[in-house]
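Peer 1: Plus 2 on top of the position in the sequence shown (first one is 1) and you've got the numbering used here. For glycine and all other residues, C-beta sits at the position ideal for the given N, C-alpha and C.
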Amino acid sequence: MRVILKTGGKSIEKIVEDSIRDPQQMNLSKEEAEIVKAYLDKFNDCRVDLNGDGFLEGWDGDFFNVGRIKEAFYLMEQGPMFGTYVDDREGFDRDWAEGEYQPDAGIRFQECDYIIDTETPKEKYKRLLRMFPGVKVINEVSNQEAAGVNNIEVVNCHIYEYVLQDGRYLFKGMARSYVNALTYNSNAKTESEYEQERKAAWEIVNGLKWQVAIFLELKAEV
């Protein structure tokens with residue numbers, strides 16, 4: 003189910019009390035609770051997918067939503083329950099980009115920590131326009147800028163970072179596939195050489211002039 007997390011604004015005292023009452027949590031110190039508060043505040047208002055038991059399964063792919071999720075995970079890794087990347091921003095960023103990051107345990111949200119997302123694609127489109135005034139809007143079918151879509155039914159809507167190359171839209175969310183393509187015919191003879199090739203490929207991809215646009219799938223005219 004797609005939900006909107008409402009995890010922000012909890013006091014340190016509340017987080018400590020909850021950890022004492024919940025047998026699945028450790029009794030948190032004030033310092034540990036401050037870390038928990040930091041990532042709960044970052045998760046707040048993120049749109050995510052939960053299973054029936056409240057465990058995190060995925061999230062909305064809009065670039066700013068993914069960015070908040072990533073930051074929440076990094077903050078979580080500074081805490082007592084995970085801690086694989088304590089003060090290791092470079093390692094975390096690398097593993098996240100390569101799709102190798104996995105938290106050490108499932109992440110579960112209580113029912114009080116989210117609301118069901120009932121937003122329609124059209125409502126989402128209007129929300130994104132408010133959030134990013136003046137943003138470019140592109141029709142996914144024609145790959146042309148969309149205009150006058152206020153009265154047209156929106157089937158799907160996302161906001162992505164992109165770059166236009168040779169008439170094709172490349173999306174930053176697929177950056178790893180572009181790095182894979184650049185290193186496909188690698189001549190590296192050692193793992194270290196291959197890692198250096200991928201690092202160079204990432205520098206190329208990250209150095210592209212990424213822009214932001216809303217991409218719409220509109221109902222086909224009959």
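Please state whether DSSP places Val-50 in a helix, a strand or coil.
Peer 2: Reduced to three states, the DSSP call for Val-50 is strand.
Peer 1: Could you tell me the boundaries of the beta strand (DSSP E) in which Leu-166 lies?
Peer 2: Segment 156-167, the beta strand (DSSP E) holding Leu-166.
Peer 1: Apart from the five residues on each side of it in sequence, which residues of its chain come closer than 6 Å, Cβ to Cβ, to Asp-43?
Peer 2: Answer for Asp-43: Gly-10, listed in chain order.
Peer 1: Can you give me the Cβ contacts of Lys-12 inside the same chain, cut-off strictly under 7 Å, excluding the 5 residues immediately before and after it?
Peer 2: The residues are Lys-39 and Leu-42.
Peer 1: Please work out which residues of its chain come closer than 7 Å, Cβ to Cβ, to Lys-126, disregarding the five sequence neighbours upstream and downstream, and give them in chain order.
Peer 2: Closer than 7 Å at the Cβ level, and outside the excluded window around Lys-126, lie Cys-159.
Peer 1: Classify Gly-60: buried if its beta carbon has 16 or more other beta carbons within 10 angstroms, exposed otherwise.
Peer 2: Classification for Gly-60: exposed.
Peer 1: By alpha-carbon positions, which one of Ile-14, Phe-173 and Phe-217 ends up nearest to Val-156?
Peer 2: Nearest option by C-alpha distance: Phe-217.
Peer 1: Whole angstroms are fine: how far does the CA of Ile-206 sit from the CA of Glu-19?
Peer 2: If I take the Cα positions, the gap works out to 48 Å.
Peer 1: What's the gap between the Cα of Glu-197 and the Cα of Thr-120?
Peer 2: Their Cα atoms are separated by approximately 43 Å.
Peer 1: Does Ala-99 come out as helix, strand or coil in the three-state DSSP assignment?
Peer 2: Helix.
Peer 1: What residues are listed by DSSP as bridge partners for Tyr-116?
Peer 2: Note: Tyr-116 sits in a beta bridge opposite Leu-7.
Peer 1: Per DSSP, what kind of secondary structure is Asn-141 in: helix, strand or coil?
Peer 2: Note: Asn-141 maps to strand in three-state DSSP.
Peer 1: On the criterion of 16 or more Cβ atoms from any shown chain inside 10 Å, does Cys-114 qualify as buried, or is it exposed?
Peer 2: Looking at its Cβ environment, which holds fewer than 16 other Cβ atoms inside 10 Å, Cys-114 is exposed.
Peer 1: Tell me the DSSP secondary structure of Glu-79 in three-state form.
Peer 2: Of the three classes helix, strand and coil, the one that applies to Glu-79 here is coil, per DSSP.
Peer 1: Using the beta-carbon count (16 or more within 10 Å), is Val-88 buried or exposed?
Peer 2: It counts as exposed.
Peer 1: Quick test of the definition: if touching needs 3 or more C-beta pairs under 8 Å, does the stretch 133-148 touch the stretch 175-191?
Peer 2: As far as the Cβ criterion goes, the stretch 133-148 does not touch the stretch 175-191, which means the pair count is below three.
Peer 1: Nearest to Pro-105 by alpha carbon, out of Val-68, Gln-167 and Thr-86?
Peer 2: Per the Cα distances, Thr-86.
Peer 1: Between which two residues does the beta strand (DSSP E) holding Arg-170 run?
Peer 2: Run containing Arg-170: 170-173, per the beta strand (DSSP E) assignment.
Peer 1: Answer yes if the stretch 95-105 comes into contact with the stretch 128-142, meaning at least three C-beta pairs across the two stretches below 8 Å, and no otherwise.
Peer 2: At 8 Å Cβ cutoff, the stretches do not touch.
Peer 1: Spatial neighbours of Phe-65 within its chain, please: CB distance less than 8 Å, with the 5 preceding and 5 following residues excluded, ordered by chain position.
Peer 2: Ile-161, Tyr-162, Glu-163, Lys-174, Gly-175 and Val-214.
Peer 1: By how many angstroms is the C-alpha of Leu-166 removed from the C-alpha of Phe-45?
Peer 2: Their Cα atoms are separated by approximately 31 Å.
Peer 1: Would you mind sorting Gln-80 into buried or exposed? The rule is 16 or more other CB atoms within 10 Å of its CB.
Peer 2: Looking at its Cβ environment, which holds 16 or more other Cβ atoms inside 10 Å, Gln-80 is buried.
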